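In this note's numbering, the protein residues as written are 875 to 1155.
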Ligand SMILES: NC(=O)c1ccc[n+]([C@@H]2O[C@H](COP(=O)([O-])OP(=O)(O)OC[C@H]3O[C@@H](n4cnc5c(N)ncnc54)[C@H](OP(=O)(O)O)[C@@H]3O)[C@@H](O)[C@H]2O)c1
């Protein structure tokens, strides 16, 4: 039985993907911060698919200590890992100022960039023990609105200025940069790496009650043009379970697409990788 870990699988696209991958007979681990909604999602997936090899494991990805402990638990529980999907993301737009965790990291950067970096690195041994492993990073089509976006290495953790939306987009840029570096590092191994460019997907607004009335209104308008989480999750599922593809970034129609220019620049990617190593390993 193949094994797949999906972060943030208690809701939205991650939950849909977990169900689709479980329906294909994989053992699926829902890596969730919220254990209550994780358990609920797990029960629903078991009922819908008849696959009993679905379980929840708790991890708050904003904390490297929890991410490390989660990885260690996986290493002691599983012989190999076939699919790792970095789906969870912090896009809480109600935040007014940078939230610094007890470990000293800005929590969005920690969740969206550092945790995927640490988790993949910790689980690399398990991934290498699979015959055909895949690591999938989840990015956003919203980055297309900012074709010239760059990272400001002096403000990676909101040291100078902070806005949750700007931080989110820069985090997704950084995630793609690390994804490409990892892909290059693991070329010619059994572990393939790719990314998904998620389009406008319906969000469960009951999860985002703290945001302002204007943002709620904007989300409402946006949701009229959104596709369903199930539809978007099909791309995760294809990349996770079907014939291995060589491309880097795929859109909601499984077309290979280009990332922002900055993602392909070697020097900033090297710098980012070294910063992530310093902050996590
Ligand atoms: N929906 C869209 O239009 C859209 C567009 C572009 C990209 N995306 C990307 O698609 C992915 C899935 O988003 P979605 O639309 O399915 O939204 P969602 O339902 O809000 O899912 C986000 C998931 O991330 C989890 N998460 C957040 N912070 C976490 C932490 N510190 N530790 C562990 N888990 C954490 C959430 O868990 P909790 O339940 O504990 O909060 C939730 O399960 C994200 O990477 C997002 O950036 C979505």
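Cβ atoms here follow ideal geometry from the backbone N, Cα and C, with glycine treated the same way. All of these numbers come straight from a predicted model, not from anything done at the bench.
Indicate the three-state DSSP secondary structure (helix, strand or coil) for residue i in the structure shown.
i, result
"residue 1039", "helix"
"residue 931", "strand"
"residue 1130", "strand"
"residue 1013", "strand"
"residue 902", "strand"
"residue 977", "coil"
"residue 1020", "coil"
"residue 1106", "helix"
"residue 1094", "helix"
"residue 924", "coil"
"residue 965", "coil"
"residue 1029", "coil"
"residue 952", "coil"
Where residue i and residue j are concerned, what is the direct C-alpha to C-alpha distance, given to the nearest angstrom?
i, j, result
"residue 1116", "residue 901", "16 Å"
"residue 954", "residue 1070", "23 Å"
"residue 885", "residue 1082", "12 Å"
"residue 1128", "residue 993", "26 Å"
"residue 1153", "residue 937", "11 Å"
"residue 1005", "residue 966", "38 Å"
"residue 1058", "residue 1087", "44 Å"
"residue 881", "residue 1099", "26 Å"
"residue 1063", "residue 998", "11 Å"
"residue 996", "residue 949", "9 Å"
"residue 883", "residue 1121", "25 Å"
"residue 1077", "residue 907", "18 Å"
"residue 1060", "residue 920", "34 Å"
"residue 1091", "residue 1080", "13 Å"
"residue 1089", "residue 911", "25 Å"
"residue 918", "residue 1151", "38 Å"
"residue 1119", "residue 1021", "25 Å"
"residue 895", "residue 1094", "29 Å"
"residue 1065", "residue 891", "20 Å"
Quick one: what's got a C-beta closer than 7 Å to residue i's C-beta in the same chain, skipping five residues either side?
i, result
"residue 1049", "986, 987, 990, 1011 and 1013"
"residue 1017", "1023, 1043, 1046, 1047 and 1134"
"residue 909", "930 and 932"
"residue 1036", "971 and 972"
"residue 941", "933, 935, 989, 992 and 993"
"residue 1039", "967"
"residue 945", "993, 996 and 997"
"residue 905", "879, 880, 881, 883, 931, 933 and 944"
"residue 1000", "948, 949, 952, 954 and 955"
Within its chain, find whatever has a CB closer than 6 Å to the CB of residue i; leave out the 5 residues flanking it on each side and keep chain order.
i, result
"residue 968", "1084 and 1085"
"residue 1051", "1137, 1143 and 1146"
"residue 1003", "954"
"residue 1015", "1071 and 1073"
"residue 877", "901, 952, 955 and 956"
"residue 963", "986"
"residue 1041", "982"
Using DSSP bridges, identify the partner residues of residue i.
i, result
"residue 1081", "Partner(s): none; residue 1081 has no beta bridge."
"residue 1124", "1070 and 1130"
"residue 958", "879 and 1009"
"residue 887", "Paired residue(s): none; residue 887 is not in a bridge."
"residue 851", "The chain is shown from 875 up to 1155; residue 851 falls before or after that span and cannot be answered."
"residue 1137", "DSSP lists no partner for residue 1137."
"residue 1065", "1007"
Can you list, in chain order, the residues of its chain whose CB lies under 8 Å from that of residue i, leaving out five sequence neighbours each side?
i, result
"residue 887", "961, 1012, 1072, 1075, 1103, 1106, 1107 and 1110"
"residue 1124", "1068, 1069, 1070, 1071, 1109, 1113, 1130 and 1131"
"residue 1056", "994, 1009 and 1067"
"residue 897", "922, 923 and 925"
"residue 947", "931"
"residue 875", "899, 900, 901 and 927"
"residue 977", "937, 938, 939 and 984"
"residue 1155", "992 and 995"
Less than 7 Å between the CB of residue i and some heavy atom of ligand 3, yes or no?
i, result
"residue 1015", "Although ligand 3 was asked about, the structure shown includes only ligand 1 as ligands."
Assess, as a yes-or-no matter, whether the segment 1030-1042 is touched by the segment 981-996 under the definition of 3 or more beta carbon pairs within less than 8 Å.
-> Output reads yes: the segment 1030-1042 touches the segment 981-996.
Check whether the segment 925-934 touches the segment 1128-1147, counting contact only when three or more Cβ pairs, one atom from each stretch, lie closer than 8 Å.
-> Two segments are said to touch when three or more pairs of C-beta atoms, one from each, lie closer than 8 Å; by this definition the segment 925-934 does not touch the segment 1128-1147.
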